[in-house]
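Heads up, the thing below is written out as structure tokens.
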Amino acid sequence: MTTHSAFIDTPTLPLNPETKLLAAFKNDTHPDKVYLAGREYLGEDGQISVLPLTWKIKQQIGSDPTLGTEYPPGLGLPEFTRRVTDLALGKDSQAIVENRVLGVQTVGFMGAVRLGTELLRRWYNRSVAWSGPVYVALPCHDSLVDTLKAAGILDVRQYRYWNAEQRVVSMDKLTEDLEQAPEHSVVMLSASAHCPTGADLSQQDWSALAEVMASRKLLPFFLLPAQGLCLGDPDQDAWPLRHYASLGLEFLCAQSFSHSFSLYGERVGHLLLVLKQNSVLLAVQSQADSLVRSLWARPTVLGARVVATVLGNPAYLAEWRDAIRGLAERCLLIREQLLEKLRLLGTPGRWDHLTQQGGLYCCTGLNAEQVRFLARKRHLYLLPDGCVNVTAINRQNLEYVAESIYLALTSAL
Amino acid sequence: MSVFSEVPQAAPVAVFKLTADFREDTDPRKVNLGVGAYRTDDCQPWVLPVVKKVEKIIVEDQSLNHEYLPILGLPEFRCSASKIALGEESPAIKEKRVGGVQCLGGTGALKVGAEYLRRWYNGNNNTGTPVYVSTPTWENHNGVFVDAGFQDIRTYRYWEPEKRGLALGGFLADLEVRLAEESLFMAHAQLLCCHLTFASGLSLQRRSLFPFFDSAYQGFASGSLEKDAWAVRYFVSQGFEIFCAQSFSKNFGLYNERVGNLTVVANDGENLARVLSQMEKIVRTTWSNPPSQGARLVAVTLTTPELFEEWKGNVKTMADRVLLMRAQLKAKLQGLGTPGTWDHITQQIGMFSFTGLNPKQVEFLIKEKHVYLMASGRINMCGLTSKNIDYVAESIHEAVTKIQ
Numbered sequence: 275m276t277t278h279s280a281f282i283d284t285p286t287l288p289l290n291p292e293t294k295l296l297a298a299f300k301n302d303t304h305p306d307k308v309y310l311a312g313r314e315y316l317g318e319d320g321q322i323s324v325l326p327l328t329w330k331i332k333q334q335i336g337s338d339p340t341l342g343t344e345y346p347p348g349l350g351l352p353e354f355t356r357r358v359t360d361l362a363l364g365k366d367s368q369a370i371v372e373n374r375v376l377g378v379q380t381v382g383f384m385g386a387v388r389l390g391t392e393l394l395r396r397w398y399n400r401s402v403a404w405s406g407p408v409y410v411a412l413p414c415h416d417s418l419v420d421t422l423k424a425a426g427i428l429d430v431r432q433y434r435y436w437n438a439e440q441r442v443v444s445m446d447k448l449t450e451d452l453e454q455a456p457e458h459s460v461v462m463l464s465a466s467a468h469c470p471t472g473a474d475l476s477q478q479d480w481s482a483l484a485e486v487m488a489s490r491k492l493l494p495f496f497l498l499p500a501q502g503l504c505l506g507d508p509d510q511d512a513w514p515l516r517h518y519a520s521l522g523l524e525f526l527c528a529q530s531f532s533h534s535f536s537l538y539g540e541r542v543g544h545l546l547l548v549l550k551q552n553s554v555l556l557a558v559q560s561q562a563d564s565l566v567r568s569l570w571a572r573p574t575v576l577g578a579r580v581v582a583t584v585l586g587n588p589a590y591l592a593e594w595r596d597a598i599r600g601l602a603e604r605c606l607l608i609r610e611q612l613l614e615k616l617r618l619l620g621t622p623g624r625w626d627h628l629t630q631q632g633g634l635y636c637c638t639g640l641n642a643e644q645v646r647f648l649a650r651k652r653h654l655y656l657l658p659d660g661c662v663n664v665t666a667i668n669r670q671n672l673e674y675v676a677e678s679i680y681l682a683l684t685s686a687l
Numbered sequence: 069m070s071v072f073s074e075v076p077q078a079a080p081v082a083v084f085k086l087t088a089d090f091r092e093d094t095d096p097r098k099v100n101l102g103v104g105a106y107r108t109d110d111c112q113p114w115v116l117p118v119v120k121k122v123e124k125i126i127v128e129d130q131s132l133n134h135e136y137l138p139i140l141g142l143p144e145f146r147c148s149a150s151k152i153a154l155g156e157e158s159p160a161i162k163e164k165r166v167g168g169v170q171c172l173g174g175t176g177a178l179k180v181g182a183e184y185l186r187r188w189y190n191g192n193n194n195t196g197t198p199v200y201v202s203t204p205t206w207e208n209h210n211g212v213f214v215d216a217g218f219q220d221i222r223t224y225r226y227w228e229p230e231k232r233g234l235a236l237g238g239f240l241a242d243l244e245v246r247l248a249e250e251s252l253f254m255a256h257a258q259l260l261c262c263h264l265t266f267a268s269g270l271s272l273q274r275r276s277l278f279p280f281f282d283s284a285y286q287g288f289a290s291g292s293l294e295k296d297a298w299a300v301r302y303f304v305s306q307g308f309e310i311f312c313a314q315s316f317s318k319n320f321g322l323y324n325e326r327v328g329n330l331t332v333v334a335n336d337g338e339n340l341a342r343v344l345s346q347m348e349k350i351v352r353t354t355w356s357n358p359p360s361q362g363a364r365l366v367a368v369t370l371t372t373p374e375l376f377e378e379w380k381g382n383v384k385t386m387a388d389r390v391l392l393m394r395a396q397l398k399a400k401l402q403g404l405g406t407p408g409t410w411d412h413i414t415q416q417i418g419m420f421s422f423t424g425l426n427p428k429q430v431e432f433l434i435k436e437k438h439v440y441l442m443a444s445g446r447i448n449m450c451g452l453t454s455k456n457i458d459y460v461a462e463s464i465h466e467a468v469t470k471i472q
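Each protein sequence line maps, in turn, to chains R and V.
Here this note's numbering is used: the first residue of the first sequence is 275, the next is one more, and so on.
Here this note's numbering is used: the first residue of the second sequence is 69, the next is one more, and so on.
What follows is the structure, encoded as structure tokens:
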């Protein structure tokens, strides 16, 4: 019998804040409770919204006898990677025509971030023995920094992004920070519907930023987790990528299809690499393949099949575009209605940003104390920096949510 | 200039190149013995009937939620997968010191296990801990441990090519003397047969070696779930803490949905809880949360009595076909009077067989006979069918008699 455990020195990892929050919500018995910190797109009924098209295609796939269960290629289903590459860059993109775009199917969005970072750590700028830094926005998705570190990047820095006072992107501070970034830094940039603030750069901002990136030799790593859900049009949401590609820049992009296809559990992600030359494509591809082999060997097939089927069929594609527009429009409607209610209540503070943004996420600007008040006294659960998932707001709880925000800002806490 | 200008081409993976060459070969007699998946006697992939059934159940179930799975995976899957490995009656399970982490196939389970061990085993972040893998082993074992940061991968003796048998003496000697204390010991669960298990168990205990099992063929190897789990269960019964990376790719034929489970057996529930908390972070930073389809399929099958029985029958069908091919290949080689011993063909278990053919003989088989196998002499028994077995036996006979 072993007399001591091999695991004796393992410390307990403290609970993830999101896990703690969800647990607190689940234990809350108040009838008016609302969880505003979730990541999925919820419908009017408070349940996860599933695109009817996805449902239909899944059934089709389920009853197709020709579809087997064989291993997919390590880099993913070619029909999937081809179509989501087209979706991101536009079919006629010069980069695609010149065959200098690499696409790799990944296990979800974080899988794309992980794989992309592993690739960069080993192979980016070999001549300068690059080991960082990688810049992320302040604030950003909570797992992003941990994933970069798990991939071996120890030098992770933040650039100022969210202007809490004006409730917009702090373009001058962002530019300042990146102008001072060491050459060859990698910069993670939210292409649209920034998580968790919802604040995005304008086309003008993107153009100005491209100049900074070029002059400092910074490598963009775009984050595009919900293409189409911000402005209601996938082409518009991908504008920053297409613009940078048209300028001849090299960049990476992590894509997810969880929200845009209601495929959360299926883990459908994609890593895009736009290269300057076609001559390096095969080598980079071979290294990506090698890395995949010791991460997950091969990706899963179901979700990729759904996406490929939809994007590859003109009728389904049209149906999907309509559905996406509907999802985005509902986000905008909720934002409008919330803004109106807050105004009617005479809620102090700036709220215009609610309708100037798009997509699921929005930062209310409430501070930590106010957020705590909302949880304890009003049974409303927000993310720690006061951000919310607007799809959790519906006709039933809109009044209550607006009133609660008003109270948080006007009560003596 | 691209920032990736100096990226070298990675070495091609031998087995993929083999398959590519096979595909381009136009000879009608060609046989692919390098394929890594089950094939029927018609050389077709086989979707298990029970899998088709359960797929239908899942797609029609309106009550299923569509949210992200918990980070550690579908609870019913984790539970039933660990039970399958350790047995319903496992005292470790009853004592609540067994946990599972749903992963992306067997590879994902190895990855998560390796990442954990590099961070927390044998002191913190001890990348110098030796990892022992068998000779030969699946190439990816090396890859996964190296990528997780381990710097010292060593081999222990296992298979003797000249003798075409287990290097029993060497194996035991390595365990007794050569392996450094406090190192990690990677073993193929289905290949560790009874007497080896017994002997190795004693050595591992004495020398504080941590066993990490790779269980890719439970049920598939012998046709019996219990028999194929014997080594893992024996170690647990002897009080070992272990990791077991389980794959359901082969025994469910679910290669494309990446169903795996890392079973963790700890000395007590408290240790287990701490390990699982760290596993959460590793999973979160690799793929966030695992995929639902395959896990759901396996969980429904394992927890529904009629479906479980049907699955065991499907697995036995596959296992029996492989065993039949083994018996027939050996009989034909012996019948042809092919020089050498061929007992190992029926002594070995699982999908693969190390024939003992040397690289020159392998080259002959590929180039002259269009029979594709790995340079190591490894063949996939599933590539053999009643239609090609005579041709393959004759080809092997020719290779052995013509080439030395």
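We put the beta carbon where it would ideally sit given N, CA and C, even for glycine.
Query, Result
"Would you kindly report the start and end of the unbroken beta strand (DSSP E) that includes V:Phe278?", "278-283"
"State yes or no: is the C-beta of R:Tyr309 within less than 9 Å of the C-beta of R:Leu289?", "no"
"Where are the alpha helix (DSSP H) runs, 4 residues long or more, that stay fully inside the stretch 357-413 of chain V, in chain order?", "361-371, 373-404"
"Could you check if R:Leu537 is buried or exposed, using at least 16 other CB atoms within 10 Å of its CB as the buried criterion?", "buried"
"Does any residue of chain V bring its CB to less than 9 Å from the CB of R:Phe281?", "yes"
"Within 9 Å (strictly less), CB to CB, does R:Thr276 reach chain V?", "Any reading at R:Thr276 needs caution, since the residue's pLDDT is 42, under 50, leaving its predicted position unreliable; the model's value is listed next. At least one chain V Cβ lies under 9 Å of R:Thr276."
"Any beta carbon of chain V sitting closer than 9 Å to that of R:Gln501?", "no"
"Of all Cβ atoms in chain R, is any one closer than 9 Å to the Cβ of V:His134?", "yes"
"Nearest chain V C-beta to R:Arg572 closer than 9 Å, yes or no?", "yes"
"Which chain R residues sit within Cβ distance under 7 Å of V:Asp215?", "Ser568"
"Using beta-carbon positions only, say whether R:Ala411 and R:Met445 come within less than 9 Å of one another.", "no"
"From which residue to which residue does the alpha helix (DSSP H) around R:Thr421 run?", "416-424"
"Could you spell out the range, first to last residue, of the alpha helix (DSSP H) harbouring R:Phe299?", "291-301"
"Just mark V:Lys398 as buried or exposed, buried being the case when its beta carbon has 16 or more other beta carbons within 10 Å.", "buried"
"Check whether the Cβ atoms of R:Cys215 and R:Gly472 sit closer than 9 Å, and answer yes or no.", "Missing from the structure shown is residue 215 of chain R; chain R here goes from 275 to 687 and no further."
"Just reading off the beta strand (DSSP E) that V:Ser421 is part of, what are its end residues?", "420-422"
"Can you name, in chain order, every residue of its own chain whose Cβ lies under 8 Å from the Cβ of V:Phe376, other than the five neighbours on each side?", "Thr369, Leu370"
"Check whether chain R comes within 9 Å of V:Met426, counting only Cβ atoms and requiring the distance to be less than that.", "It should be pointed out that residue 426 of chain V corresponds to Asn in this sequence rather than to Met. No, no contact with chain R."
"At the level of alpha carbons, what is the spacing between V:Ile413 and V:Gln396?", "10 Å"
"Is there contact between the stretch 353-363 of chain R and the stretch 539-553 of chain R, where contact requires at least three CB pairs shorter than 8 Å?", "yes"
"Please say whether V:Glu325 and V:Leu365 have beta carbons closer to each other than 9 Å?", "yes"
"Throw me the rounded Cβ distance for the R:Ala519 and R:Ser401 pair, which I believe falls under 8 Å.", "With a Cβ gap of about 24 Å, R:Ala519 and R:Ser401 do not count as contacting."
"Confirm the yes/no value for this check: CB of R:Leu654, any heavy atom of the ligand SAM, distance under 8 Å.", "The model depicted lacks the ligand SAM and carries no ligand whatsoever."
"Tell me which residue opens and which closes the alpha helix (DSSP H) that R:Asn663 is part of.", "Where R:Asn663 is concerned, there is no enclosing alpha helix (DSSP H), although the beta strand (DSSP E) it sits in stretches over 661-663."
"Assign V:Met69 to buried or exposed, taking buried as 16 or more other Cβ atoms, counted over all protein chains shown, within 10 Å of its Cβ.", "exposed"
"Is the CB of R:Thr665 under 9 Å away from at least one CB in chain V?", "no"
"Let me know if R:Asp451 comes out buried or exposed under the rule of 16 or more other beta-carbons within 10 Å of its beta-carbon.", "buried"
"Looking at the structure shown, is R:Ala571 part of a helix, part of a strand, or coil, going by DSSP?", "coil"
"In chain order, what residues of the stretch 156-169 of chain V put their CB closer than 9 Å to some CB of chain R?", "none"
"Would R:Lys307 count as contacting chain V if we go by Cβ distances under 9 Å?", "no"
"Does any residue of chain V have a CB that is nearer than 9 Å to the CB of R:Glu643?", "no"
"Round the Cβ separation of V:Ala467 and V:Phe145 to the nearest angstrom and send it over; I've been treating them as touching at under 8 Å.", "That belief does not hold up - the Cβ atoms of V:Ala467 and V:Phe145 are roughly 45 Å apart, past 8 Å."
"Below 7 Å on C-beta distance, what does V:Leu86 contact in chain R?", "Within chain R, no residue comes near V:Leu86; the closest Cβ sits about 15 Å away, beyond 7 Å."
"Strictly under 9 Å for the Cβ-Cβ distance: is V:Arg342 near chain R by that measure?", "yes"
"Please go through the stretch 301-325 of chain V and give each complete alpha helix (DSSP H) segment of 4 or more residues, from N-terminal end onward.", "none"
"Does DSSP put R:Gln670 in a helix, a strand or coil?", "coil"
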